[in-house]
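Numbering (this note's numbering), first residue to last: 26 to 375. Using N, Cα and C, we set each Cβ at its ideal position, and we do this for glycine too. See below for the structure under consideration.
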Ligand SMILES: Cc1cc2nc3c(=O)[nH]c(=O)nc-3n(C[C@H](O)[C@H](O)[C@H](O)COP(=O)(O)OP(=O)(O)OC[C@H]3O[C@@H](n4cnc5c(N)ncnc54)[C@H](O)[C@@H]3O)c2cc1C
């Protein structure tokens, strides 16, 4: 049996890395994560757009983004294509176009040295034991077990912590598929595609450093066929794909009711997407991941950290609940048609 820790964090995405950075330094902390470096190990499939809420989350820490994380070009509007009605509209957006993998590695680099970080490591089991939790993980092929008083699931939509301890707490989920192509479109652009025949969620494209990324969130059944069918429809609208360089896929949560959010209990905590903290309208999740990671770092110093974490994340749940209420205007085809037809808030591209 290995070392005894106060806190074990599974996953160092924006949520886990923020928690590890902000925790009280007197705590003995272990963090286990799949990622390794820029070219090796796990990288999260993601659109890599930092929305204003995500920018605000970083601003609260007075953090500034290093230039090496940004990609070319920065884009100021989203081309919204409704394949159901045939309408296309442009809307102004204030996103920062970045390399998601570099962003994650940068957040990870800010973790202080008192935290024992295990890179390139996969947590394979979590169990209850006397006085806390037992965590087994493999690091460079070697299996290790440690114990911790508090266990934090910061391991995203496929959270081993959530699945092990709260299997009944299911959330609506989709398979997100993304493909990378060499950019062949005459001009880089960012698009958002609605296609209710293939998905009741949405798809997106984004140009990044000479690549064209096309992705979407689909119901699990026949997800790949749906993705390919959608691409065929878009080729007819002038999209240039060519041969994919890389295909990536992962699960993505999309909360549909306030009961989908879950903070954990009995010394177990869920943060970021593992807690269901992701926008059901846009799938934007970096801001809530950072915010929930920070809130837990403070709550863990309280007498009753589970209660305190639940109370202090109410604002995140309210924000995401409002997004649930916004969904029909984007995803119910007749309402979307009215919004797009009215040209409300749209830009006339010259
Ligand atoms: C295709 C796609 C596109 C998206 N685009 C955007 C976007 O443009 N902007 C935006 O704001 N949000 C976007 N999101 C949502 C956003 O990616 C997530 O909400 C956000 O990453 C959640 O952060 P997190 O830290 O909770 O989890 P994650 O970022 O998922 O991080 C979890 C980390 O845990 C680690 N991990 C997982 N399992 C284990 C294990 N067993 N052992 C050890 N480590 C483990 C992995 O290394 C992983 O990095 C997108 C999501 C998807 C799927």
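Contact test: residue i Cβ vs ligand 1 heavy atom, cutoff 7 Å
i: residue 84; result: no
i: residue 299; result: yes
i: residue 203; result: yes
i: residue 69; result: yes
i: residue 348; result: no
i: residue 35; result: yes
i: residue 166; result: no
i: residue 369; result: no
i: residue 342; result: no
i: residue 293; result: no
i: residue 39; result: yes
i: residue 309; result: yes
i: residue 178; result: no
i: residue 60; result: yes
i: residue 324; result: no
i: residue 103; result: no
i: residue 136; result: no
i: residue 372; result: no
i: residue 171; result: no
i: residue 277; result: yes
i: residue 130; result: no
i: residue 147; result: yes
i: residue 112; result: no
i: residue 79; result: yes
i: residue 76; result: yes
i: residue 314; result: yes
i: residue 55; result: no
i: residue 260; result: no
i: residue 27; result: no
For residue i: DSSP bridge partner residues
i: residue 294; result: 177
i: residue 272; result: 204
i: residue 97; result: In the DSSP output, where bridge partners are listed per residue, residue 97 has none listed.
i: residue 116; result: 103, 371
i: residue 260; result: According to DSSP, residue 260 bridges with nothing at all.
i: residue 154; result: 157
i: residue 240; result: 203, 229
i: residue 164; result: 146, 167
i: residue 35; result: 57, 178
i: residue 218; result: 106, 228
i: residue 75; result: 121
i: residue 66; result: 60
i: residue 141; result: 55
i: residue 186; result: DSSP, once it has assigned bridges, lists no residue as partnering residue 186.
i: residue 30; result: 173
i: residue 278; result: 198
Counted within 10 angstroms of its Cβ, other Cβ atoms place residue i as buried (16 or more) or exposed
i: residue 318; result: buried
i: residue 72; result: buried
i: residue 84; result: exposed
i: residue 55; result: buried
i: residue 309; result: buried
i: residue 65; result: exposed
i: residue 8; result: The shown model of the chain, from 26 to 375, leaves out residue 8, and the question about it has no answer.
i: residue 335; result: buried
i: residue 367; result: exposed
i: residue 267; result: exposed
i: residue 343; result: exposed
i: residue 376; result: Examination of residue 376 is not possible in this model, given that the chain is present from 26 through 375 alone.
i: residue 212; result: exposed
i: residue 338; result: buried
i: residue 247; result: exposed
i: residue 136; result: buried
i: residue 222; result: exposed
i: residue 28; result: exposed
i: residue 353; result: exposed
i: residue 251; result: buried
i: residue 186; result: buried
i: residue 119; result: exposed
i: residue 216; result: buried
i: residue 91; result: exposed
Any chain D beta carbon closer than 8 Å to residue i
i: residue 30; result: The structure shown has no chain D; it contains just one protein chain.
Near ligand 3: residue i beta-carbon under 7 Å from a heavy atom
i: residue 183; result: This structure lacks ligand 3; the ligands present are ligand 1.
Checklist entry - Quick one: any contact between the segment 188 to 197 and the segment 278 to 298, if contact means 3 or more CB pairs under 8 Å? => result yes
Checklist entry - So, do the segment 175 to 187 and the segment 40 to 60 have three or more beta carbon pairs nearer to each other than 8 Å? => result yes
Item to check | Meets three-Cβ-pair contact criterion under 8 Å: the segment 83 to 101 and the segment 320 to 339 | outcome: no
Next on the checklist: Check whether the segment 35 to 45 and the segment 97 to 116 touch, using three or more Cβ-Cβ pairs below 8 Å as the test.
Outcome noted: no
Checklist entry - Should the segment 130 to 139 be called in touch with the segment 238 to 250, which here means at least 3 C-beta pairs below 8 Å? => result no
Checklist entry - When the Cβ atoms of the segment 280 to 293 are set against those of the segment 246 to 262, are three or more pairs found closer than 8 Å? => result no
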